[in-house]
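Read through the structure below, which is laid out as structure tokens, and then see the notes.
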Amino acid sequence: MSILADLTGALVGGDLRVVDLTHALDPDFPVIVLPPEFGQCARFRMEEVSAYDHRGPAWKWHNLTLNEHTGTHFDAPIHWVSGRDWPNGAVDEIPAEHLIGPVCVIDCSEGAAQDDDFELTPEIIAAWEAAHGPIPAGSWVLMRTDWSRRRGADYLNMAEDGPHSPGPTPDAIRLLLERDIRGFGTECVGTDAGQGAHYDPPYPAHFLLHGAGKYGLQCLCNLDLLPPTGAVLIAPPLKIKGGTGSPLRVLALVPGDAK
Amino acid sequence: MTLPYPKKKDPQKRTKVPTLPPGERSRAALGLAIAAARGRFALQSCAACGAVQYPPRDACRSCLSVEMSWHDTPAYGKLLAETRIHASPDPYFRERLPWRMGSVQLEAGPVIMAHLVGVSRGDRVTVELRLDRAGQGVMIARPMKRTEDMEDDPVLRAIGTHPKHRRILISDATQPVARPLIDALFAAGAAHVFAGVPELWRRPHGLSAIEGLENVSVMPLDVTDTQSLKEAASEIGGKVDILINTARHIRPGGVLGQDTTAARDEMEVNALGLMRLAQAFGPGMAGRTADGVNSSAALVTILSAHALSPDPGYGAFNASQAAARSIVQTLRAEFAPSGLRVAAVYTGPTEDEWHQPLPPPKVAPKALARAIVDGLDRGLEEVYCGDVARDLAERWAADPALLDREMMGGGA
Numbered sequence: 541m542s543i544l545a546d547l548t549g550a551l552v553g554g555d556l557r558v559v560d561l562t563h564a565l566d567p568d569f570p571v572i573v574l575p576p577e578f579g580q581c582a583r584f585r586m587e588e589v590s591a592y593d594h595r596g597p598a599w600k601w602h603n604l605t606l607n608e609h610t611g612t613h614f615d616a617p618i619h620w621v622s623g624r625d626w627p628n629g630a631v632d633e634i635p636a637e638h639l640i641g642p643v644c645v646i647d648c649s650e651g652a653a654q655d656d657d658f659e660l661t662p663e664i665i666a667a668w669e670a671a672h673g674p675i676p677a678g679s680w681v682l683m684r685t686d687w688s689r690r691r692g693a694d695y696l697n698m699a700e701d702g703p704h705s706p707g708p709t710p711d712a713i714r715l716l717l718e719r720d721i722r723g724f725g726t727e728c729v730g731t732d733a734g735q736g737a738h739y740d741p742p743y744p745a746h747f748l749l750h751g752a753g754k755y756g757l758q759c760l761c762n763l764d765l766l767p768p769t770g771a772v773l774i775a776p777p778l779k780i781k782g783g784t785g786s787p788l789r790v791l792a793l794v795p796g797d798a799k
Numbered sequence: 524m525t526l527p528y529p530k531k532k533d534p535q536k537r538t539k540v541p542t543l544p545p546g547e548r549s550r551a552a553l554g555l556a557i558a559a560a561r562g563r564f565a566l567q568s569c570a571a572c573g574a575v576q577y578p579p580r581d582a583c584r585s586c587l588s589v590e591m592s593w594h595d596t597p598a599y600g601k602l603l604a605e606t607r608i609h610a611s612p613d614p615y616f617r618e619r620l621p622w623r624m625g626s627v628q629l630e631a632g633p634v635i636m637a638h639l640v641g642v643s644r645g646d647r648v649t650v651e652l653r654l655d656r657a658g659q660g661v662m663i664a665r666p667m668k669r670t671e672d673m674e675d676d677p678v679l680r681a682i683g684t685h686p687k688h689r690r691i692l693i694s695d696a697t698q699p700v701a702r703p704l705i706d707a708l709f710a711a712g713a714a715h716v717f718a719g720v721p722e723l724w725r726r727p728h729g730l731s732a733i734e735g736l737e738n739v740s741v742m743p744l745d746v747t748d749t750q751s752l753k754e755a756a757s758e759i760g761g762k763v764d765i766l767i768n769t770a771r772h773i774r775p776g777g778v779l780g781q782d783t784t785a786a787r788d789e790m791e792v793n794a795l796g797l798m799r800l801a802q803a804f805g806p807g808m809a810g811r812t813a814d815g816v817n818s819s820a821a822l823v824t825i826l827s828a829h830a831l832s833p834d835p836g837y838g839a840f841n842a843s844q845a846a847a848r849s850i851v852q853t854l855r856a857e858f859a860p861s862g863l864r865v866a867a868v869y870t871g872p873t874e875d876e877w878h879q880p881l882p883p884p885k886v887a888p889k890a891l892a893r894a895i896v897d898g899l900d901r902g903l904e905e906v907y908c909g910d911v912a913r914d915l916a917e918r919w920a921a922d923p924a925l926l927d928r929e930m931m932g933g934g935a
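Line by line, the protein sequences are chains A and B. If you're matching positions, the first sequence starts at 541 in this note's numbering and goes up one per residue. If you're matching positions, the second sequence starts at 524 in this note's numbering and goes up one per residue.
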């Protein structure tokens, strides 16, 4: 068991840092907005049950209302129609060993600063691999855009023709699937670009990833604190029976000298 | 008479505690409040001999028949005598002396006692039934022609809910009714509008229509979010004189075919949202109903007239409206000790995206705004806006079970 002793030693000694990639669940944090005739994602709401008062003298607690896809959250394969028949595709069925793994971070922050509709393309992935080596099978791939620093209306960036935010092209996702990644994550409200409905297939990250049994993470933050390679992602969703996703706390273990 | 804008309050003086005029009435006399709440002038008349009588009683004073019913009655008369009251043992009137009262010979028959507004002995007068702070119907004798300035009279100011000089919170200013409502409120002399906007993060439609208006403060407010209401109330809770709840969530669909998620959203916004608003702003408003010229006066909410009897095509939405109506009724009882008026503005289908395939008549945002402000001008508690709402209310009042049958599709 010396590996674990080494690990805990490194955590205590500071050779490993824990980075929190999670936004606080907050009523004002944006959720995905669909055309109004469709069902909508519930906003995060918190109602006081008691607060050391007549409703419960010594304790404070809240009832929560939220969607599986509210806040920083995990998408399981059954979230999308393409993954509906994937075995063990619900959050409660995903093998536990899939919930911790290596992570590659592709820095698109410069491009996203210039272009709200910045695309992650196969060329960018190829350039990243040329610099950092091939993306290992079974790893998470995160698209860093620094989008998480946006506040309020600039986050969804809604316009008359829908939201504008960066995301991957269909070919970029196909390339990641060739690498047999575990999942793909972004800082935006979804794994797909704001205008992702206009690709073929529409919403390629959702359609292709979940169709191949892969996972999604979105509304991440602090990706600028991760190295391109060498970190470990811990992303276990709540064990919701038949759940299509789940809000979660996403943590990364980062070597102390990285970044 | 022109009422000057009040000076800033002296912070060393205690805010006046609300007192109420005498509120005890016989069961028969409650008919006056029912008419006053709707802005009608109705008196009791006898089904057997046709006598019109006042004050209301359980039996006819001419023929002793107990078949008494209420009917709209011509509201004209002659002021027979007037007096100016300079002393009263009643705490409410003591604070408002001198107070003018008089007796009016109604053309319909009876002689009634009325509060006087701008009339003198011998004048031909119009008599209005108005709700007083105790929620009871009282008679007001006023000049034949109604003027806006009339509402500045201390008698009407004391019992009314006029927007003049008042500061008004609109709970959801992204609704189509908001902009015409703001315009109508300012036309009526409102001092300031706090425009609540939910979900600023999604750049809601409707925001552009209210941004940058003079004397309008846009503020984040969401009736489904208790925390946002707490924050807004902690900022402006002490200066909301009138609260107009415009927040509405509508999705077409009955009960079998409607998603419970959509129905839940409707309940959250339309019913529980009203409850949360009242909890956040009500106590502060209830404490300020005697706070000078711009005292708090009213909480207004928009309801579908189908709160009375559902249109199955909007069954889930109408369930939320019936729930909201029930909340309004409880709030009336709960705010009664403070004299804060709780008004419901009933509307038929509104001219918006959620009633788009429905045929006219539909209520335009401007008409709804006018009805809300007119209700405040006249201190009403029940306002029916548009032909559909008026028709439904009349049929409901005549026979609720029959209306239910008709709404189910029975009858031709």
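A virtual CB, placed ideally from N, CA and C, is assigned to each residue, including glycine.
Problem set entry | chain A within 9 Å of Leu800(B), Cβ atoms only | Closer than 9 Å: no.
For this session: Please list the residues of the segment 726 to 755 of chain B that have a C-beta atom closer than 8 Å to any C-beta atom in chain A, keeping them in chain order.
Result: Within the segment 726 to 755 of chain B, contact with chain A at the beta-carbon level (separation under 8 Å) is assigned to Arg726, Pro743, Asp745, Thr747, Asp748, Thr749, Gln750, Ser751.
For this session: Reducing DSSP to helix, strand and coil, say where Phe717(B) ends up.
Result: Correct three-state label for Phe717(B): strand.
For this session: Check whether the Cβ atoms of Val886(B) and Gly871(B) lie closer than 9 Å to each other.
Result: yes
Problem set entry | Terminal residues of the alpha helix (DSSP H) in which Leu556(A) lies | Leu556(A) -> not in any alpha helix (DSSP H); beta strand (DSSP E) instead, spanning 556 to 560.
Problem set entry | Partners in chain B for Glu587(A), counting only beta-carbon separations shorter than 7 Å | Thr749
Problem set entry | Identity of the residues DSSP links to Ser786(A) by a beta bridge | Phe614(A)
For this session: Determine the closest residue to Ala912(B) out of Ala894(B), Leu925(B), Asp900(B), with distance taken between C-alpha atoms.
Result: Ala894(B)
Problem set entry | Chain-ordered chain A contacts of Thr784(B) [CB-CB under 9 Å] | Going along chain A in sequence order, the residues near Thr784(B) (Cβ under 9 Å) are Gly579, Gln580, Ala582.
Problem set entry | Chain-ordered residues of the segment 697 to 725 of chain B with a beta carbon less than 9 Å from chain A | Per Cβ criterion, the list reads Glu722, Leu723, Trp724, Arg725.
Problem set entry | Where the beta strand (DSSP E) through His594(B) begins and ends | 591 to 595
Problem set entry | Counterpart residues of Thr726(A) in DSSP-defined beta bridges | Met683(A)
Problem set entry | Proximity to Ser679(A) [Cα-Cα], best of Leu757(A), Val571(A), Arg624(A) | Leu757(A)
Exercise. Along chain B, in chain order, which residues have C-beta atoms closer than 7 Å to that of Met698(A)?
Worked result: Arg725, Arg726
Problem set entry | Cβ of Asp788(B) within 9 Å of any chain E Cβ | The chain labelled as chain E is not found among the protein chains of the depicted structure, namely A and B.
Exercise. Once you ignore the five residues that flank Glu722(B) on each side, which residues in its own chain have a CB closer than 7 Å to its CB?
Worked result: Asp745
Exercise. Which whole runs of the alpha helix (DSSP H) in the segment 835 to 902 of chain B are 4 residues long or more, in chain order?
Worked result: 838 to 858, 888 to 900
For this session: Quickly, what does DSSP pair Asp593(A) with across the bridge? List them, please.
Result: Gly596(A)
Exercise. Can you name the residues of chain B whose CB is closer than 7 Å to the CB of Asp568(A)?
Worked result: Near Asp568(A) (Cβ distances below 7 Å), the residues of chain B are Trp724.
Problem set entry | Val763(B) versus Met808(B): straight-line alpha-carbon distance, rounded | 7 Å
Exercise. Which residues, taken in chain order from the segment 548 to 575 of chain A, show a beta carbon closer than 7 Å to some beta carbon of chain B?
Worked result: Pro567, Asp568, Pro570, Val573
Problem set entry | Residues that Tyr695(A) contacts on chain B, provided the C-beta gap is smaller than 8 Å | Trp724
Exercise. Are any of the Cβ atoms in chain B nearer than 9 Å to that of Gly596(A)?
Worked result: Output row for Gly596(A): interface = no.
Exercise. Can you tell me the Cα-Cα spacing of Leu831(B) and Ala842(B), whole angstroms?
Worked result: 10 Å
Exercise. Just the Cα atoms here: how many angstroms apart are Glu796(B) and Pro710(A)?
Worked result: The residue asked about is misnamed: residue 796(B) is Gly in this sequence, not Glu. Answer to the nearest angstrom: the Cα atoms are 42 Å apart.
Exercise. Taking 9 Å as the CB-CB limit, is Glu876(B) close to chain A?
Worked result: yes
For this session: Quick one: give me the first and last residue of the alpha helix (DSSP H) that Trp622(B) is part of.
Result: Here Trp622(B) belongs to no alpha helix (DSSP H); instead the beta strand (DSSP E) covers 622 to 629.
Exercise. Whole-angstrom Cβ separation of Tyr869(B) and Ala916(B), contact assumed at under 8 Å?
Worked result: 6 Å
Problem set entry | C-beta contact flag for Ser585(B) and Cys569(B) at 9 Å | yes
Exercise. Beta carbon of Leu891(B), beta carbon of Pro686(B): below 9 Å?
Worked result: no
Exercise. What residues from chain B crowd round Gly692(A), counting only those whose CB sits closer than 8 Å?
Worked result: Leu723, Trp724
Exercise. So, are the CB atoms of Val794(A) and Ala771(A) less than 9 Å apart?
Worked result: For the pair Val794(A) and Ala771(A), the CB atoms are nearer than the 9 Å cut-off.
Problem set entry | Length-filtered (3 minimum) beta strand (DSSP E) runs lying within the segment 565 to 592 of chain B | 565 to 569
Exercise. Closest to Gln781(B) by CA distance: which of Ala839(B), Gly805(B), Glu758(B), Arg726(B) is it?
Worked result: Ala839(B)
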